[in-house]
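Colleague: So the sequence shown is numbered by the numbering used here: it starts at 12 and just counts up by one. Think of the CB as a built atom: it goes at the ideal place given N, C-alpha and C, for glycine as much as any other residue.
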Amino acid sequence: MTDPTRVDLVVVGSGAGALMGAVRAADAGLSVLVVEKSALVGGTSAISGGGIWVPCNDDQARAGVADRIEDAFLYLRTCARGLASDDRVLAYLETARAMAAYLAEIGVPYRCMPLYADYYPTLPGARPGGRTMDPLAFDAARLGLDALGRLRPTNPGQLIFGRMNIDAFDARTMLAKERGANWVLAKIMLRYFLDYPWRRRTRRDRRLTGGQALVGGLYAALLKRKVPIWLESPLRELVREGEGGRVTGIVVEHEGKPVTVQARLGVLLAAGGFERDPALRAEHLPQPTDAAWTATPPGCNTGDAIRAGAAAGAALHLMAHTWGAPTLDVPKEDKFRALFVERSLPGCMVVNARGARFLNESCPYPEFQQAMYADHAQGGGAIPAWIVFDAGFRARYPIGPLMPASAVPDAKVRRSWWNKVVWKGATLDELAAAIGVDAAGLRASAARMSDYARSGKDLEFDRGGNVFDRYYGDVNVKPNPNLAPIERGPFYAMKLWPGDIGTKGGLVTDRDARVLDTAGRVIEGLYCVGNNSASVMGPSYAGAGSTLGPAMTFAFRAVAAMRGQALALQRTDLLQAPG
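1) Please state the DSSP three-state secondary structure of I497.
2) Pick from M110, F172, D421 and F351: whose alpha carbon is nearest that of G510?
3) Buried or exposed for W241, please, with buried defined as at least 16 other CB atoms from any protein chain shown within 10 angstroms of its CB.
4) Hey, which unbroken runs of the alpha helix (DSSP H) at 4 residues or more fall wholly within the stretch 376-457?
5) Could you give the first and the last residue of the continuous beta strand (DSSP E) run that contains I261?
6) Residues bridged to C123 by DSSP?
7) How would you label A579, buried or exposed, when you count the other beta carbons within 10 angstroms and need 16 or more for buried?
8) Going straight from the alpha carbon of L527 to that of D521, what length do you get?
9) What does DSSP give as the partner residue(s) for G517 in the beta ladder?
10) I believe T307 touches T55 by the beta-carbon criterion, under 8 angstroms. Please report the beta-carbon distance rounded to the nearest angstrom.
11) Please name the residue in L249, P501, R568 and V34 whose C-alpha comes closest to that of A406.
12) Assign R211 to one of three DSSP states: helix, strand, or coil.
13) What residue from M548, G484, S551 and D78 has the CA that sits closest to S373's CA?
14) Going by DSSP in three states, L280 sits in which element: helix, strand or coil?
15) Keeping to the same chain, check which residues put their C-beta closer than 6 angstroms to that of R163; ignore five residues upstream and five downstream.
16) In the DSSP assignment, the beta strand (DSSP E) including W334 goes from what residue to what residue?
17) What residues in its chain sit with their C-beta under 7 angstroms from that of T259, if we drop five residues either side in the sequence?
18) Near R247, what residues of its chain come up, given a Cβ to Cβ distance below 7 angstroms and the 5 sequence neighbours on each side ignored?
19) From G391 to N363, what distance separates their C-alpha atoms?
20) Smallest Cα separation from L280: which of D473, G26 and T300?
21) Can you give the Cα-Cα distance for R532 and A39, rounded to whole angstroms?
22) Please state whether DSSP places L20 in a helix, a strand or coil.
23) Between which two residues does the beta strand (DSSP E) holding I534 run?
24) Given this structure, state the Cα-to-Cα distance separating R465 from V21, to the nearest angstrom.
25) Short of 8 angstroms in beta carbon distance, which residues of its chain neighbour L339, apart from the five on each side in sequence? Order them along the chain.
26) Roughly how many whole angstroms lie between the Cα atoms of P167 and E344?
27) In whole angstroms, what is the alpha-carbon distance linking V90 and F84?
28) Go through the stretch 25-49 residue by residue and report every complete run of the alpha helix (DSSP H) that reaches 4 residues or more, in order.
29) Could you compute how far the alpha carbon of R190 sits from the alpha carbon of T184?
30) What does the alpha-carbon distance come out to for the pair V65 and L219?
31) I need the straight-line Cα distance from N599 to S355, nearest angstrom please.
32) Excluding the five sequence neighbours on either side, which residues of its own chain have a C-beta within less than 6 angstroms of the C-beta of T16, listed in chain order?
33) Three-state secondary structure (DSSP) at C359?
34) Determine the closest residue to V100 out of E81, A111 and T333, with distance taken between C-alpha atoms.
35) For S456, which residues of its own chain have a beta-carbon under 7 angstroms away from its beta-carbon, when the five flanking residues on both sides are left out?
36) Measure the alpha-carbon distance for N176 versus T305 and round it to whole angstroms.
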């Protein structure tokens with residue numbers, strides 16, 4: 012390419028959806044430029060688990076999983092609750108499989124997780140596993156040290172001892188204490204420490220997993236195709252032909268000055284949501300809210316592209332919704348840390364200011380965050396909430412930044428974490444006083460949880476009553492892998508905030524990722540994917556990978572549409588189904 016300011020497609024952002032669109036367009040023979048606001052590649056995708064939710068994927072047969080498009084459509088349509096169009100839901104389900112196959116073709120293969128259930132296993136059409144896919148490990152040597160240095164590092168919570176990457180399969184084996192868990196840990200550590208030549212060159216693990224594997228593989232594919240990427244180049248505005256006209260390019264700040272980039276076929280907005288922007292949060296999200304609570308990278312996802320789209324006449328949707336997750340504040344980390352799975356382990360409970368439980372601790376993380384807001388609105392004082400556990404839990408399990416006491420006893424826990432990350436009391440009354448919750452309520456909640464653990468039935472919230480809950484339970488704990496008594500001192504607590512891993516609201520798009528205006532008309536030349544657009548999942552989270560899967564699938568469809576080869580829907584009969 013001789014002039015990067017005159018291209019067929021300009022992509023704004025460098026997360027999974029952006030890179031998929033750029034690589035796919037390059038393979039279609041189009042000239043492409045990627046512009047990224049930050050100094051690093053990968054956005055929130057790079058610090059994610061890297062999973063994609065793909066019903067009827069090509070790897071299900073190998074894993075012995077049966078699935079049907081009819082069931083997937085019924086399930087996702089139910090999850091969307093009428094807040095995503097049926098044809099867009101169908102477009103996602105029909106194309107996600109092809110998108111996943113294309114990932115394998117370009118060097119980013121995935122495998123399905125046969126035991127990881129959909130997040131709402133009791134809804135019609137749900138599956139007890141097989142729809143979520145996890146990326147195979149990616150060798151960072153294929154990317155090279157220079158490019159690896161530009162890849163956004165993963166979260167501390169996704170590393171073993173702050174250094175070694177772990178994939179979703181091994182993480183589950185270790186957390187659930189399945190047979191061979193100790194060998195899995197030993198194997199990971201041995202592989203890392205024996206790779207001495209690589210460790211001499213960089214502290215970062217050669218074996219990239221999760222979001223690192225996904226973005227690392229996509230970035231390598233981008234570099235292989237010689238697609239230019241401008242870092243530290245924020246979007247300033249969209250360029251249009253006349254009032255209400257076609258989008259023909261962007262103005263981007265590059266090397267300290269505004270540069271106009273012309274795009275013959277289109278502009279693809281893939282720059283994330285608005286969770287890092289206090290003004291947009293205050294305008295749209297439930298209160299109280301704070302940009303500090305989010306687990307996404309600081310300085311990113313400030314809604315620039317959403318504002319630019321709205322200025323061009325785009326309609327907005329789902330702006331009050333987030334991909335919610337409980338988060339906690341860890342000193343010296345640059346962002347709050349999300350608590351995804353540890354709350355499913357037996358021997359812990361979550362309480363409000365009254366010391367009362369108000370939710371199933373093992374529920375999907377968006378529902379967890381929503382329950383915090385609902386309880387707080389009713390006067391329960393669940394913002395913040397507290398996850399409480401006893402000495403038995405502390406000895407056996409990791410939680411947040413804390414390793415099990417069997418590995419890191421209290422005496423070796425960082426001093427700065429006490430009464431900031433974790434609180435401690437010799438008795439429940441002492442703990443209640445330390446964290447400011449009602450002592451009688453806390454004692455009563457712990458007593459009930461201990462009774463539930465012995466019977467195996469949570470009579471309040473049915474924790475452990477479905478296959479999703481049990482996935483991260485301790486397989487050795489009977490009769491319910493999610494429940495254990497909370498009765499052995501000392502007792503501990505950690506403060507939880509109603510955080511998120513991104514916002515769901517953004518520009519309204521059609522089934523080909525074309526942006527629609529407030530009258531429902533296509534804004535020619537403007538496409539949008541990922542958290543930049545209103546989610547196809549509506550207010551729900553169908554299963555692990557519900558953010559990255561749609562981001563890349565609609566980027567895949569967008570490239571086809573801008574080339575004049577839009578992907579037709581096959582199962583239009585499903586759109587005529589009653590209800």
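Modeller: Taking the coordinates as given:
1) It is coil, neither helix nor strand.
2) Checked all of M110, F172, D421 and F351; the closest Cα to G510 is F351.
3) Buried is the call here.
4) Counting only runs of 4 or more residues that sit fully inside the stretch 376-457, the alpha helix (DSSP H) segments are 376-388, 402-407 and 439-446, in chain order.
5) Here the beta strand (DSSP E) through I261 covers V258 to H265.
6) Its beta-bridge partners are M144.
7) So A579 counts as exposed.
8) A straight-line Cα-Cα distance of about 7 angstroms links L527 and D521.
9) Beta-bridge partners of G517 (DSSP): H328.
10) Yes, T307 and T55 are in contact; Cβ-Cβ is about 5 angstroms, under 8 angstroms.
11) Distance check between A406 and each of L249, P501, R568 and V34 places P501 closest, using alpha-carbon atoms only.
12) Helix at R211.
13) Nearest of M548, G484, S551 and D78 to S373, Cα basis: G484.
14) Three-state DSSP puts L280 in a strand.
15) Here the set comprises L51, G53 and A57.
16) Boundaries of the beta strand (DSSP E) harbouring W334: T333 to L339, taken from the DSSP string.
17) These residues qualify, in order along the chain: V250, R251, E252, Q273, A274 and G536.
18) Closer than 7 angstroms at the Cβ level, and outside the excluded window around R247, lie V262, V263, E264 and P269.
19) Whole-angstrom Cα-Cα distance: 6 angstroms.
20) Nearest C-alpha to L280 among D473, G26 and T300: G26.
21) Within the model, the alpha-carbon separation for R532 versus A39 is close to 27 angstroms.
22) In the structure shown, L20 sits in a strand (DSSP, three-state: E or B).
23) From DSSP, the beta strand (DSSP E) with I534 extends over V533 to C539.
24) In a straight line, the C-alpha of R465 is about 59 angstroms away from that of V21.
25) Closer than 8 angstroms at Cβ, skipping near neighbours: F347, R348, L350, G411, V432, M505, K506, L507 and W508.
26) Those two C-alpha atoms are separated by around 8 angstroms.
27) Correcting the residue type first, residue 90 is Cys in the shown sequence and not Val. Roughly 10 angstroms between the two C-alpha positions.
28) Within the stretch 25-49, the complete alpha helix (DSSP H) segments of 4 residues or longer fall at 27-38, listed in chain order.
29) Distance between the alpha carbons of R190 and T184: 8 angstroms.
30) Here the alpha carbon of V65 sits roughly 22 angstroms from the alpha carbon of L219.
31) Since the displayed the chain opens at 12 and closes at 590, residue 599 lies outside it and no answer follows.
32) Apart from the 5 residues on each side of it in sequence, T16 sits with its Cβ closer than 6 angstroms to the Cβ of V272 in its chain, given in chain order.
33) Reduced to three states, the DSSP call for C359 is strand.
34) A check of alpha carbon separations from V100 across E81, A111 and T333 identifies E81 as the nearest.
35) Within the same chain, S456 has close Cβ partners M360, V362, G366, A367 and R368.
36) One C-alpha to the other measures close to 22 angstroms.
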